[in-house]
Structure formats: C-alpha cells, structure tokens
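Shown next, in structure tokens, is the structure this report addresses.
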Amino acid sequence: MIFINSIGSITPNKTIENGHFQCVEPLYKELINPIQLRRMSRILKMGLGASTICIQNLPESKIDAIIVGTGLACILDLEKFLFTVLEGNEQSLSPIPFINSTHNTVAAQIAFMHKITGYSNTFCGADSFDSALADAILLLNEDANQVLIGGIDEYSEYHFFMNSEEHDLKNAQFGEGAIFFILEKELKDNSFAQLIGVHSFLTKNKKCNNNLFEIIKTEITLFLKKYELELTDIEIFVSGKNGNCFSDDIYDILQRDFFPHSDTLQFKHLCGEYMTSTAFAMEHTARHLSNCTEKYALIYNHFNLVNHSIILMKTSK
Amino acid sequence: MTLLTNNTNRVFITGFGIISSIGCGESDTFKILQEKRTTFRKVTFLETALTQFPVAEVNKSNHDLTLLASLSDNEHYSRTFLLGIIAAQQAMQMAGLKTLEGIVAATTVGGIDLFERSYKKLIDSNYSAQNKQQIAFSLDISDCTEKIADYFGIRSNVSTISTACSSSANSLITGARMIRSGLVNKILAGGMDALSLFSLNGFNSLEILSDTGCRPFDQQRNGITIGEGAAFLVLESEKSAKNKKIYGEIVGYANRNETFHQTAPSPNGDGIAMTMKQALKIAEINPESIDYINAHGTGTLMNDLSEGNAIKTVFKENIPPISSTKGFTGHTLAAAGAIEAVLCLLSLKKQKLLPNLNLENVTQELSFNPVTEMKDAKINYILSNSIGFGGANSSLIIKKV
C-alpha cells in the first residue's frame, strides 16, 4: 500500500493576474539560501520552495528518489535563450538561461539542496505527472521506502499560441503550479490518503464524439476492474472540467452515465488549466479525503482531448 | 535503494534501430566503425553562424529522412521526430512487431528545430491557426514521442524522459524496470535529438565546443562535438521473447544524483562510481566480469578525468578495455545512451572491441589506455555510462545471450 504522507505546494489559490491563474509565492528566503536565490529562475524557486515545504512537513525524512513531472519544464528560460538566438544573436550569449532551461534542473537542484544521492528522473509533456506517479509506484514496489514526487509548470507565452481560435483549449483559463508529495509504504498519523493507482492514455481524435466517449469509458472500467472495483464504489468523482465548451462534455457525460451516485469535486477553478494539473488534483483530493468519511476517489482529466489520465485514491483512515 | 524487485523477469533486447552521422541501420554503422572513419564536418543542414565547430550531422535532408521513413511530405515534421521514427521503425521491424505495450523515449530539445525554422510564421496572419499550433507545440518535447506512439498505435505507457545527456540511458532503465516488474511484456525504449540552434549555441555559451573535433581521453582534448541521431531498442520479457532472436539482455542498471554541481562532475566521479557499483550489484557480477566499458567520454577536460577516476575507483587494478565512441557519433545528447547501447549490441554480436577515435596521447592522470583499434575479444558483459547536467548519472550493463 502507498500513502501520501506529506504535501508541499505553491499554487494560484484562485488568484488571477494578467489573464491567467498565477501562483501565490511564499517568501523564498525562508526556504532557500538567499545567496543562491538571486540566480534562480522563477520555476526553480517554485519547485525548490514547494519541495522544501514538503520535506519540512515530514520530519526525519530520508528520501530515496526524486521524480519530477513537468509539461514544459523551464519554458521561460528556454524561450529567453531561444529568442535571443532567433533574433540573430549567436555570439557572446550568457549560458545562465541555457543551463537553467535543462529539463531536469528542478529535480537536480532539489537533490543538490537536500543532498539526496538516490534515483532521479524527470518526465515531460502533458501526462508527465502521471508518468512520474507510475514510476514512483514502480520504485516503491522495488525497494524504495520514500519517494519525493512533484508536478511543476510555469505560465508562459507558449500558452498564447495554444489559445488560438481553432484550438480545443479555447476559452480555458491557463494556470500553473508546483506541488510535491512524499509517498511511503507506511501508514502514519499524518497520512493524507492512500494512492491506489494511475493510468494514462492517448487518443488521436481531437473531437468530442461518441467514439471518444466509448474509449474513455472502457479505459476507466478496465482500470477499476484491475483493482476489483465497480463504478458504484467511487464516492468522489474528481473532474478536470476547465470551462471550455468544446471539451467539457466528456466530464458531464461521465458524471451522468458513470458517477450519478458520487459527489463531484472540481479543481481547475482554483489552479487553471495546465499540463501537470493532475498534481493539483491529487493534492486537492488528498486533502479532501483526509477530512471526510468517503472511501474511494477517482480523478479523471484530459489535456486537449489527447492526453487522458485516471488516478485512483482511497482514504487512509 | 537499489531498484531491485521481487519480480525478476529477464529483460531481452529483440530489436534495435539506429541512425547517426555514421549511418542508418546496423550494417552502415558497423562499416564506419570498422573503417575507423570520422564523419565530423562543417554543419550543412542547420542554418547557423557557428560554422567554426565541426558537427556529427546525419547526412540527409529532412526531405530525404521523410522518404526514408516512408512518410508523406509534411513541413511540420521536426527533424528529431524523423530521426526517432526511422530508428523506431528499424527496431520494430527487427523484432517482428507491428505494435507493443508502450514507449519510453528520451529527448532534450524535442521538435525545437521545427520551431526554429518556422517561428516567424507565428505572427503571419496568412498562416492558419492550426499550423501555428503545430509550431508552438514543438516546444513540448513529448510531441515527438506521441507522434511515434501514434504511428505504431501505442496508446498507453507513453512517456518522455529528459535528464540532459543521460536521458536515453534513463529511458532504457525505465523500460527495463517496467519489464522486470511485470508491468509490461514488450516496450520500445530509446532516445532522439536533432542538431538545433538552441543546443549548438547553448554548448557554445558554455565554451565547451571543440573546434577540431572531440578527442575523448586525449591529453589535448578540447571539448565536445555535437551530434544528432536516434536509437530505439525493443525490450521484451522472457515469455514474450520466446523463440525470437535475442541480441542482448539488460542485466544491470543504476541511476543516481551526484549532488556536486549543476553542470560539472566531481573530480573523483563519485556519482558515476556509485552507478557503476550499483549496476554491478543488480547484475550480480563482480567488476572482473565486465569485458568492455563504453565510456561516456565526451572529450571535455572535466568529464573524461572524472569518469576515468571513477573507473579506477570501481575496477582498481583490473580495468577492462575502454573506449568512447563519441569520436564517431559526436555527442548526441539525449540519444547518446541509446545510440551507445546499440553500438554495445554490435560489439556483442561481432565480438569486437570498438575503437576510440582521435586519441594521440592519453590523459596523463589516467592509468588506462583506451582501445584505439577494432579488436577481436571474448565479450559477455558490457558496461555503458551516461552522465548529464544536474549530476544525472546512469550506468547500464548489457549481457550476451
């Protein structure tokens, strides 16, 4: 059995600035050495800040592995370096944004700051948090006892292009976040919830139609069957609805056909739409489960109707 | 923590594919290795001002790569995707598979080359929104993986790993662990990276590009030569690989953080020493069993010294034959671990040690002489190292079956 025993997060908490959900950031100097802080990019501060809170929340932690899922990683630094080059400047470039833009920078700096010499991996893309979660479960089934896992993404202009007229993400409000968890095999007094399993899959069809609904329904049914559960066992349905009229149908249909008996929990009105938003969903659900009597919660989310993820959680009480 | 599991499904390699500056496919690649021929040249296909640095470029235009992959022309294919799909097609064909249960792919830049050559169209009002999205999406490095997955009809267990220059060692490790634990029975794992303005300028800003061509382990080594390419391996469980031709077995692996410095390895190579030891432990063999080490050996002052010292720490007086093949392929970044794994498979198959190119005087501080000629040898176990930014160290051990 796997338990979520600590959480550390830096999230928007409903804050909308400049047309998107923007993280409410803590006073980093209380978490990170101020001398190092000056050279750090924003996403690195967010990732180090959230992971440090997570580690501090679980005294005497001895972390075996760090796994990060990040949709676009350090995209602002990447854009900064790339656009300098594309504007024709190929001489005397500062290496700082290049170094900072390496996709595993956050995982590496967490390891560096907390002297964690174990396993480290970084997954990228729209289902990267789910891949990271699957890898964490695999590690805990090997011989890891304590895994630090996070989902991080920062808002960038990239989203402006994705938000263009014909796009399926039209009307969705974008967001960002840095959320870390410590997963362990041991039930503790401070356990938030139990993590049962994760499954992600791709669909080619970018339109909401019956074919897509059937694929998603089949995947959910088969996933639950693996854990010998029925649809009626799910008391909380966590829906990734993002306010986009073109792609929200699927959530309504699942609620109507699969989970009419369940309570529905939404989360994107708090964090916005972004590639690793399932990390936010997992935090939201874990906190909810730690305070209620319901047993099973199922998160279903899709990004752009292509990347779908299902996360199954259970109360640890 | 050692990544050991109670399940001990064996991890067999039933197919592999490779494309790099030294050739496309097994036989072309081996021919260049045999001839000890350098393919470093002035950059041809990438439009850059940095022409003073030789590169290890795949000698094919995007149009030629598209034809080679039997795809219809599409200006929105990134070069990274094209290299990846070609290597993946070869691997699948060799394994006699049409589809499988997952793909773990590694890349550092993904389809950034597409963005670089077409970003001006993002502000062109005559260009359709759909086309603009394709360009913008190329900054999401998982796009290449998803296109390959889509091509083979793979829907689940699709992931993209990016841990700098150890990326594809980690995709092979992740794939191997998934087989070992019984999660899947057959999976495609590997890596891909095309030359890009981004990486060429990035490594130039760090002042580690060689202006003569990389010279791994040489006293006068002066930096890396960037290469491009892709390699994919089909990994199968014993049950799934039954009655199939097996090219090797992944028996050991390790992934550790060095926690020394963001871009530099520790002088003693503590990180890579840890992964070599741990990989030997998982393989349940002694250091003496290793018959050949395919080193990371990038040709930078620090890497080769640090890795060499780590090899001394682990192997003490009994250092096996060593070479870095980056004098052939250049440093292919996220593809390096997988490309080198394929070169190791060729070494196992032909029972030959692979030569280290451009070596005149071995680094004085090191107590070993890398192999400089292709030599016959009895090879059962090969160790391959990968070291990336952020102290991302990984080692793999491949066994002849």
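Read top to bottom, the protein sequences are chains A and B. Heads up: the first sequence begins at 1 in this note's numbering, then just goes up one per residue. Heads up: the second sequence begins at 1001 in this note's numbering, then just goes up one per residue. Using N, Cα and C, we set each Cβ at its ideal position, and we do this for glycine too. Values in this document were obtained by computation on a predicted structure and should not be read as measured data.
message = By the DSSP assignment, the alpha helix (DSSP H) with S1020 (chain B) in it spans what residues?
response = No alpha helix (DSSP H) contains S1020 (chain B), which is instead part of the beta strand (DSSP E) from V1011 to S1020.
request  = Would you mind stating whether L1139 (chain B) and I1112 (chain B) have Cβ atoms separated by less than 8 Å?
outcome  = yes
inquiry  = With three or more beta-carbon pairs closer than 8 Å as the criterion, would you say the stretch 1225-1238 of chain B touches the stretch 1253-1273 of chain B?
reply    = no
inquiry  = Against chain A, with Cβ distances strictly below 8 Å, would M1274 (chain B) count as a contact?
reply    = yes
message = I need the DSSP call for T1160 (chain B), collapsed to helix, strand or coil.
response = strand
task = Using a Cβ-Cβ cut-off of less than 8 Å, list which residues of the stretch 108-125 of chain A approach chain B; keep chain order.
result = A108, Q109, A111, F112, K115, I116, T117, G118, Y119, S120, N121, T122, F123, C124 and G125
message = When you compare the CB of R1256 (chain B) with every CB in chain A, is at least one pair closer than 8 Å?
response = yes
task = Count the other C-beta atoms from every protein chain shown that fall within 10 angstroms of the C-beta of A1129 (chain B), then say buried if there are 16 or more, exposed otherwise.
result = exposed
ask   = Within this structure, are the beta carbons of T1212 (chain B) and C1144 (chain B) separated by less than 8 Å?
value = no
K226 (chain A) versus S1027 (chain B) - alpha carbon distance = 44 Å
task = Could you tell me whether the Cβ of E1146 (chain B) comes closer than 8 Å to any Cβ of chain A?
result = yes
query = CB F1232 (chain B) to CB G1190 (chain B), shorter than 8 Å?
reply = yes
inquiry  = Please classify Q1134 (chain B) as buried or exposed, where buried requires at least 16 other C-beta atoms within 10 Å of its C-beta.
reply    = buried
key: Entirely enclosed beta strand (DSSP E) segments - the stretch 53-95 of chain A, minimum 3 residues   = 65-70
request  = Would you mind sorting G272 (chain A) into buried or exposed? The rule is 16 or more other CB atoms within 10 Å of its CB.
outcome  = buried
query = In chain B, what lies closer than 7 Å to V85 (chain A) by C-beta?
reply = L1197, F1198 and N1201
query = When you compare only the Cα positions, how much space is there between M1302 (chain B) and A1169 (chain B)?
reply = 20 Å
request  = To the nearest angstrom, report how far apart R1155 (chain B) and G1102 (chain B) are at their CA atoms.
outcome  = 7 Å
key: Contact with chain D by K204 (chain A), beta-carbon distance below 8 Å   = In the displayed structure, chain D is absent; the protein chains listed are A and B.
inquiry  = Please classify L222 (chain A) as buried or exposed, where buried requires at least 16 other C-beta atoms within 10 Å of its C-beta.
reply    = exposed
ask   = In terms of DSSP beta bridges, what is I1397 (chain B) paired with?
value = B:G1252 and B:L1383
ask   = Comparing the C-beta of H20 (chain A) with each C-beta of chain B, is any distance below 8 Å?
value = no
task = Report the option in A:S94, A:F161, A:D130 and A:Y155 whose CA atom is closest to the CA atom of Y1127 (chain B).
result = A:F161
key: Contacts that M162 (chain A) makes with chain B (C-beta to C-beta distance below 8 Å)   = Q1133, A1136 and F1137
task = Give the DSSP bridge partners of T257 (chain A), in chain order.
result = Looking at the sequence provided, one finds Asp at residue 257 (chain A) rather than Thr. Looking at the DSSP assignment, D257 (chain A) forms no beta bridge with any residue, so it has no partner.
request  = Please name the residue or residues paired with Q146 (chain A) in a DSSP beta bridge.
outcome  = A:E184
task = Take L1046 (chain B) and list the residues in its own chain whose beta-carbon comes closer than 6 Å to its own, dropping the five residues that flank it on each side.
result = L1195
ask   = Since S131 (chain A) meets chain B, which of its residues come closer than 7 Å, beta carbon to beta carbon?
value = S1159
key: Exposure of T293 (chain A), with buried meaning 16 or more beta-carbon neighbours within 10 Å   = exposed
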